[in-house]
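Following: one structure in structure tokens, then a few remarks.
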Amino acid sequence: MEHLATFFELVEVMYESYVAPMLEDIEYDDLVNDGDMNDGDVGTIHASDGSLGMAMAGAGLAGAGFVTATDPDDSHIPAHVLSLSQTVFAMFQENDNPGIDRQGLLALLHIWDHTEYTSIASVMSIFRQLSEDDDEIFKEGFIPWAAKPEFFGSFTPQTCQEALKEFIKTPHEIEEEGVPVYRKLWITQLFNAHAKHERISYHSFYDMMCNFSHDVNPVLVKATFKRMALVEESDDEAKRRMKNALRTDIDGVDDDYDVMRHGISREQFVKWAAAVFLNCDAEEFVEGIEEMIVADGEDVRRRKQQLANDTEDDTDEFDQEPSCGPLETLDFGAIFESIRMAEPLDALTAQSKFSIWRSIKGRQLTSDMVVSGKLHFTRVAALLESKRRQLTVKANPTVNSQVWPPLDAEAKSVAKRVLPEVFDSLDAITCSEIIRKGLVLEYIRQVNSEKYSSSALKDQMQALVLATTEVIVDKMSEEAYVVVANAYVGAL
Numbered sequence: 072m073e074h075l076a077t078f079f080e081l082v083e084v085m086y087e088s089y090v091a092p093m094l095e096d097i098e099y100d101d102l103v104n105d106g107d108m109n110d111g112d113v114g115t116i117h118a119s120d121g122s123l124g125m126a127m128a129g130a131g132l133a134g135a136g137f138v139t140a141t142d143p144d145d146s147h148i149p150a151h152v153l154s155l156s157q158t159v160f161a162m163f164q165e166n167d168n169p170g171i172d173r174q175g176l177l178a179l180l181h182i183w184d185h186t187e188y189t190s191i192a193s194v195m196s197i198f199r200q201l202s203e204d205d206d207e208i209f210k211e212g213f214i215p216w217a218a219k220p221e222f223f224g225s226f227t228p229q230t231c232q233e234a235l236k237e238f239i240k241t242p243h244e245i246e247e248e249g250v251p252v253y254r255k256l257w258i259t260q261l262f263n264a265h266a267k268h269e270r271i272s273y274h275s276f277y278d279m280m281c282n283f284s285h286d287v288n289p290v291l292v293k294a295t296f297k298r299m300a301l302v303e304e305s306d307d308e309a310k311r312r313m314k315n316a317l318r319t320d321i322d323g324v325d326d327d328y329d330v331m332r333h334g335i336s337r338e339q340f341v342k343w344a345a346a347v348f349l350n351c352d353a354e355e356f357v358e359g360i361e362e363m364i365v366a367d368g369e370d371v372r373r374r375k376q377q378l379a380n381d382t383e384d385d386t387d388e389f390d391q392e393p394s395c396g397p398l399e400t401l402d403f404g405a406i407f408e409s410i411r412m413a414e415p416l417d418a419l420t421a422q423s424k425f426s427i428w429r430s431i432k433g434r435q436l437t438s439d440m441v442v443s444g445k446l447h448f449t450r451v452a453a454l455l456e457s458k459r460r461q462l463t464v465k466a467n468p469t470v471n472s473q474v475w476p477p478l479d480a481e482a483k484s485v486a487k488r489v490l491p492e493v494f495d496s497l498d499a500i501t502c503s504e505i506i507r508k509g510l511v512l513e514y515i516r517q518v519n520s521e522k523y524s525s526s527a528l529k530d531q532m533q534a535l536v537l538a539t540t541e542v543i544v545d546k547m548s549e550e551a552y553v554v555v556a557n558a559y560v561g562a563l
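Sequential numbering from 72 applies to the sequence shown in the working numbering.
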């Protein structure tokens, strides 16, 4: 206990020596000459120098390990939430007073939601509740309120860090960005739940939408994802896409493989999600975001597995997501160009007796399937690399499995031993089964979800899915797979 007391004394000294002086630099602009607060005034905070962001980070979340509950009732609050709550309280304190006054609360809540809290009157009910009809809100009342789920309480440590960055912005910056801060933070938390390397791929986005609704239309999801990814496209890119839309052949049309594979950024996602939930009130908004975060799509995956039982194969080992990406030296653009997939697909539709295969609807379906086929093959390449790394570690833990090509004799020796097992477990036949399974499940379901003027037309579109699948599978497993395999063998 003596060591513990010494520790807390040290923390107190650190706070008084380093943190408190930083907080003293924060001031509120006096908006009225006589010091009175008028209805409609929104306070602003500013720093005396440009280091406010770093100071707040140091005083708050970066030191979360040193944060302790100021009251026994705070002990249940997660450290990162408590840290953010304490830091924000300190930021909006009146200089010479221990609490937050009306103007300070307005400044705080205006940043939180600049569309809702615009005047003293708009925050008075909250102020009376937290201050208990006193002239200020004290820390004992503020911290439990700020740590509620509807405020900071449901945020992850990463989101709390983002929140701190928002609270050091000026009201003008907040209003200029448009999206209320609380919505931006919740959307950011949703993004982080599904993103890898700061981007959300199409498949992650599709799974997220399935979490929200099991009956989601895959056509709409794909169209939504493409629109989102093109939010910041240049005029030249827009003209190119319009030109491609007028083409009637598949050959030569730039598809959306890069967009679908590399995914969307945080900024693009925030703009889309903010627009989607624009007309929802705060409670509905948070509820919708939480559903997308919490749900894991287990029911959807179970339904997919039931569909797959009729065509059960040996790909169960590869149903899980790979632990890494494909071999970095692979140029998928060059690989897909070399296998000339458009030619047999053009011939397939041109020679068909079904006019719907040559219609805009049919050609769009075929074009989309080509993109999906490329994504599935990219995943196969990632599975190969993931398997190679796993077997390398198993064969010799001292060899760096993440490095390719091998750098020394021992690494080459291990590679020669494990590569045959890699290609035996995921050979060209398994590759074809993975791609076929993915395409059929996705696009038969898509066709079945659409409306047709007759059952015959739906049957013909289902036949187009199956025929296109076989062309894509053959090209990927017989040609593209060989290129990837040679990339490994050739390095030895």
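Glycine residues also receive a C-beta, built at the ideal position from the N, C-alpha and C atoms. Since the model is a prediction, treat every value here as computed from it, not as a measurement.
Here the stretch 267-283 makes no contact with the stretch 249-256; the two share fewer than three CB pairs at distances below 8 angstroms. For T420, the enclosing alpha helix (DSSP H) starts and ends at 413-421.
The count of Cβ pairs closer than 8 angstroms, one atom from the stretch 399-416 and one from the stretch 543-553, reaches three, so the stretches are in contact. Boundaries of the alpha helix (DSSP H) around W183: 173-183.
Here DSSP, grouped into helix, strand and coil, assigns K267 to strand. Within the stretch 169-253, the runs of alpha helix (DSSP H) at least 4 residues long that lie entirely inside it are, in chain order, 173-183, 191-202, 210-217, 228-238, 242-248. Cβ neighbours of P251 within its own chain (closer than 7 angstroms, five residues either side excluded): D184, H185, T186.
Residue environment analysis places Q517 among the buried positions, since at least 16 neighbouring C-beta atoms fall within 10 angstroms of its C-beta.
About 22 angstroms separates the beta carbons of D172 and D145, which is beyond the 8 angstroms limit, so they are not a contact pair.
Distance between H147 and E248, taken at the CA atoms: about 34 angstroms. Y523 and K529 have their C-alpha atoms roughly 6 angstroms apart. Beta-bridge annotation (DSSP): I335 is paired with I271.
As the crow flies, the alpha-carbon of D439 is around 12 angstroms from that of L535.
S457 is not a Cβ neighbour of C502, given a cutoff of 7 angstroms. Looking at V290, T540, F238, W343, the one whose alpha-carbon comes closest to that of I271 is W343. In the three-state reduction of the DSSP assignment, S394 falls in the coil class, being assigned neither a helical nor a strand state. Exclusion of the five residues before and after E492 leaves L462 as the residues of its chain whose Cβ lies within less than 7 angstroms of its Cβ.
For K522, no alpha helix (DSSP H) segment is defined, and its DSSP state is neither H nor E.
For H243, the number of other beta carbons within 10 angstroms of its own is below 16, and it is reported as exposed. Assignment of E549 by DSSP, reduced to helix, strand and coil, places it in the helix class. Under the three-state reduction of DSSP, D479 is assigned to coil, being neither helix nor strand.
Cα atoms of S525 and P393: separation of roughly 41 angstroms, rounded to the nearest angstrom. In terms of Cβ geometry, S284 and A217 do not form a close pair [threshold 7 angstroms]. Bounds of any alpha helix (DSSP H) do not take in P149, whose DSSP letter is neither H nor E. Sequence-distant Cβ neighbours of H333 in its own chain, meaning closer than 8 angstroms and more than five residues away, are R270, S272. CA-CA distance, K508 to I515, rounds to 11 angstroms.
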